[in-house]
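Chemist:
2 protein chains.
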Amino acid sequence: MSGAGTGTADIAELLRARIRDIPDYPQPGIVFKDITPLLADGPAFAATVAEMAVGHADVDKVAGIEARGFILAAPVAYALNAGFVPVRKQGKLPAATYAQSYALEYGTATLEVHTDAFAPGERVLIVDDVLATGGTAAATAELVRRCGATLDGIVVLLELDFLQGRAKLPELPVRALLTV
Amino acid sequence: MSGAGTGTADIAELLRARIRDIPDYPQPGIVFKDITPLLADGPAFAATVAEMAVGHADVDKVAGIEARGFILAAPVAYALNAGFVPVRKQGKLPAATYAQSYALEYGTATLEVHTDAFAPGERVLIVDDVLATGGTAAATAELVRRCGATLDGIVVLLELDFLQGRAKLPELPVRALLTV
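Quick look at the structure:
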């Protein structure tokens, strides 16, 4: 579903102009895509959030993945009058949780949600900044399903196509505002 | 300025009903104020964000403090058509930063912003979930000032009055939607 939505060409142009490349971060040979100039531009930030929300007027909740994912998922929830659910790193949530581990380049990491974060039958949209290998998105999707809720899809600002993250998200609509 | 804004009594009631106490978290004897039930309720979340934004229509940027602060500060920025600036833990931002340390119960911690996060003369609102000892808020205020920007004030969801955080924020308007 890449490219769906209104004004997508304009948004992609806006994102290209406001996302900056930071060479050799976090390690030599990696070019980091820094979205902070986009976030800092009020009208560009608002246009981005509004575009991410397109097509999801019926969702009950938006899930955001710690920490950068919160920055986009929370305003998308607000724009949709939906609830916001933080998907957090292990040990950060105070009540009972479900946990889901995923593979990193070396080792694993774990994400958690409260067991009462989603009710059975609720429609949930996952919003994140970047779709890279798809590990965090797939773990989040699994946590939503474990609560008995229904996934409406995943929306990301930026998809790193060469990492083939979509392959980890079968049967789930994935929309990226910009693909590189 | 506690108590300013429209519908404050209603909002305080809403917050009381949607913030739950988690005893003995993160350690025995501490009662943690868990805001996730409030966030998960779409209309309550939207009303909270709208109330936090009241009186700040002229700000250029909203600063949010990692990680829970992002969840409220980003939608407040969206509601105000303002830019959003993440104030992050040390080592998380990819470009050049200013750093500011603050005291913890044992030792210190450090917050950072990009050196180009705020331009001289810009008006900045700091938004966070909880005002406790005031350490992170005071460090954030100092980072905003170091960029040459002007502080419009601080808005928090919840103020823990007995920790006297306001004492660390002289000459700065602090507004809390709920004080306990």
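So the sequences go chain by chain: A and B.
Numbering follows the working numbering, with no gaps: position 23 of the first sequence is 23.
Numbering follows the working numbering, with no gaps: position 154 of the second sequence is 154.
Don't be surprised by glycine CBs; every beta carbon is placed ideally from N, CA and C.
These numbers were taken from a predicted model, which means no experiment stands behind them.
Taking 8 angstroms as the cut-off, decide whether the C-beta atoms of D129 (chain B) and L72 (chain B) are in contact.
Modeler: By one-based count along the second sequence, residue 129 (chain B) stands at place 129. By one-based count along the second sequence, residue 72 (chain B) stands at place 72. In contact: D129 (chain B) and L72 (chain B) (Cβ atoms closer than 8 angstroms).
Chemist: Where L125 (chain A) and I154 (chain B) are concerned, what is the direct C-alpha to C-alpha distance, given to the nearest angstrom?
Modeler: Counted from its first residue, the first sequence places residue 125 (chain A) at position 125. Counted from its first residue, the second sequence places residue 154 (chain B) at position 154. Near 31 angstroms, if we compare the C-alpha coordinates of I154 (chain B) and L125 (chain A).
Chemist: If contact means a Cβ-Cβ distance below 7 angstroms, which residues of the segment 110 to 135 of chain B contact chain A?
Modeler: Those residues of the segment 110 to 135 of chain B that come within reach of chain A (Cβ to Cβ, closer than 7 angstroms) are H114 and A117.
Chemist: Looking at the strands, I want to know which residues DSSP matches up with I154 (chain B).
Modeler: Along the second sequence, read from residue 1 onward, the residue named residue 154 (chain B) stands at position 154. Paired residues: B:I126 and B:V174.
Chemist: So, do the segment 86 to 96 of chain B and the segment 107 to 125 of chain B have three or more beta carbon pairs nearer to each other than 8 angstroms?
Modeler: They touch, by the three-pair rule.
Chemist: Please report the Cβ distance between L177 (chain A) and T48 (chain A), rounded to the nearest whole angstrom; I am assuming they are in contact, meaning their Cβ atoms lie under 8 angstroms.
Modeler: For the purposes of this step, residue 177 (chain A) is taken as the residue at position 177 of the first sequence. For the purposes of this step, residue 48 (chain A) is taken as the residue at position 48 of the first sequence. About 7 angstroms; that satisfies the 8 angstroms criterion.
Chemist: Would you please verify whether the beta carbon of E51 (chain A) is less than 8 angstroms from any beta carbon of chain B?
Modeler: The residue given as residue 51 (chain A) occupies position 51 in the first sequence. Cβ-Cβ to chain B under 8 angstroms: no for E51 (chain A).
Chemist: Give me the Cα-Cα distance between T108 (chain A) and Q164 (chain A), rounded to the nearest whole angstrom.
Modeler: The residue labelled residue 108 (chain A) in the question sits at position 108 within the first sequence. The residue labelled residue 164 (chain A) in the question sits at position 164 within the first sequence. So the two alpha carbons sit approximately 19 angstroms from each other.
Chemist: Using a Cβ-Cβ cut-off of 7 angstroms (strictly less than) and excluding sequence neighbours within five positions of A138 (chain B), which residues of its own chain qualify?
Modeler: Indexing the second sequence from 1 puts residue 138 (chain B) at position 138. Cβ neighbours of A138 (chain B) beyond the five flanking positions: Y102, K168 and L169.
Chemist: Have a look at the DSSP bridge pairing and note the partners of E142 (chain A).
Modeler: Your numbering for residue 142 (chain A) matches position 142 in the first sequence. E142 (chain A) pairs with nothing; no bridge assigned.
Chemist: Given a cut-off of 8 angstroms on the beta-carbon distance, is the pair A77 (chain A) and V62 (chain A) in contact?
Modeler: Position 77 of the first sequence, counted from the first residue, corresponds to residue 77 (chain A). Position 62 of the first sequence, counted from the first residue, corresponds to residue 62 (chain A). In this structure, V62 (chain A) lies closer than 8 angstroms to A77 (chain A) by Cβ.
Chemist: Along the chain, where does the beta strand (DSSP E) containing E66 (chain B) start, and where does it finish?
Modeler: Indexing the second sequence from 1 puts residue 66 (chain B) at position 66. No beta strand (DSSP E) holds E66 (chain B); DSSP gives it neither H nor E.
Chemist: Checking contacts by CB at 8 angstroms: is I19 (chain B) closer than that to chain A?
Modeler: Counting from one through the second sequence, the residue named residue 19 (chain B) turns up at place 19. Cβ-Cβ to chain A under 8 angstroms: no for I19 (chain B).
Chemist: Please state whether the Cβ-Cβ distance between V180 (chain B) and L160 (chain B) is less than 8 angstroms.
Modeler: The residue given as residue 180 (chain B) occupies position 180 in the second sequence. The residue given as residue 160 (chain B) occupies position 160 in the second sequence. In this structure, L160 (chain B) lies closer than 8 angstroms to V180 (chain B) by Cβ.
Chemist: Just by C-beta distance, which residues in the segment 18 to 46 of chain A are closer than 7 angstroms to chain B?
Modeler: Under the 7 angstroms Cβ criterion, the segment 18 to 46 of chain A contributes I22, Y25, F32, D34, T36, L39, A40, D41, G42, P43, F45 and A46.
Chemist: Could you check the C-alpha separation between R146 (chain B) and A149 (chain A) for me, to the nearest Å?
Modeler: On the second sequence, position 146 is the one that residue 146 (chain B) refers to. On the first sequence, position 149 is the one that residue 149 (chain A) refers to. The alpha-carbon atoms of R146 (chain B) and A149 (chain A) are separated by roughly 46 angstroms.
Chemist: Alpha carbon to alpha carbon, how far is V85 (chain B) from L39 (chain A)?
Modeler: Translated into positions along the second sequence, residue 85 (chain B) becomes position 85. Translated into positions along the first sequence, residue 39 (chain A) becomes position 39. Roughly 7 angstroms between the two C-alpha positions.
Chemist: With 16 as the cutoff for other CB atoms within 10 Å, does Q100 (chain B) come out buried or exposed?
Modeler: The residue given as residue 100 (chain B) occupies position 100 in the second sequence. With 16 or more other Cβ atoms within 10 Å, it is buried.
Chemist: Grab me the residues of G69 (chain B)'s own chain with a C-beta within less than 7 angstroms of its C-beta, minus the 5 sequence neighbours each way, in chain order.
Modeler: The residue you call residue 69 (chain B) lines up with position 69 of the second sequence. These residues qualify, in order along the chain: V127, D128 and D129.
Chemist: Going by beta-carbon coordinates alone, are E122 (chain B) and D58 (chain B) separated by less than 8 angstroms?
Modeler: On the second sequence, position 122 is the one that residue 122 (chain B) refers to. On the second sequence, position 58 is the one that residue 58 (chain B) refers to. Against a cut-off of 8 angstroms, the Cβ pair of D58 (chain B) and E122 (chain B) comes out as no contact.
Chemist: Beta-carbon within less than 8 angstroms of D41 (chain A)'s beta-carbon, same chain only, minus the 5 sequence neighbours each way: which residues are those?
Modeler: Locating residue 41 (chain A) in the first sequence gives position 41, counting from the first residue. Answer for D41 (chain A): R18, listed in chain order.
Chemist: Counting only the same chain and skipping the five closest in sequence on each side, list residues whose C-beta sits under 8 angstroms from that of P26 (chain A).
Modeler: On the first sequence, residue 26 (chain A) is found 26 positions in, with the first residue counted as 1. Excluding positions up to five away in sequence, the list reads F32.
Chemist: Closer than 8 angstroms, CB to CB, is K61 (chain A) near chain B or not?
Modeler: Translated into positions along the first sequence, residue 61 (chain A) becomes position 61. By this cut-off, K61 (chain A) is an interface position.
Chemist: Leaving out the 5 sequence neighbours to the left and right, which residues in its chain are closer than 7 angstroms to T6 (chain A) when beta-carbon positions are compared?
Modeler: Counted from its first residue, the first sequence places residue 6 (chain A) at position 6. The predicted model places T6 (chain A) with a pLDDT of 48, which falls under 50 and marks its position as unreliable, so this point remains unresolved.
Chemist: Closest Cβ-Cβ distance between P94 (chain A) and chain B: below 8 angstroms?
Modeler: Residue mapping note: residue 94 (chain A) aligns to position 94 of the first sequence, counting from 1. Answer yes: the Cβ-Cβ gap between P94 (chain A) and chain B drops below 8 angstroms somewhere.
Chemist: Taking a Cβ distance cut-off of 7 angstroms, strictly less, list which residues of the segment 147 to 180 of chain B are near chain A, in chain order.
Modeler: Correct list: empty, as no residue qualifies.
Chemist: In the DSSP assignment, find the beta strand (DSSP E) that holds A109 (chain B) and state where it starts and stops.
Modeler: To locate residue 109 (chain B), count along the second sequence from 1; it is residue 109. Counting along the chain, the beta strand (DSSP E) containing A109 (chain B) begins and ends at T108 to H114.
Chemist: Rounded to whole angstroms, what is the Cα-Cα separation between E142 (chain A) and T133 (chain A)?
Modeler: Counted from its first residue, the first sequence places residue 142 (chain A) at position 142. Counted from its first residue, the first sequence places residue 133 (chain A) at position 133. The straight-line gap from Cα to Cα measures roughly 16 angstroms.
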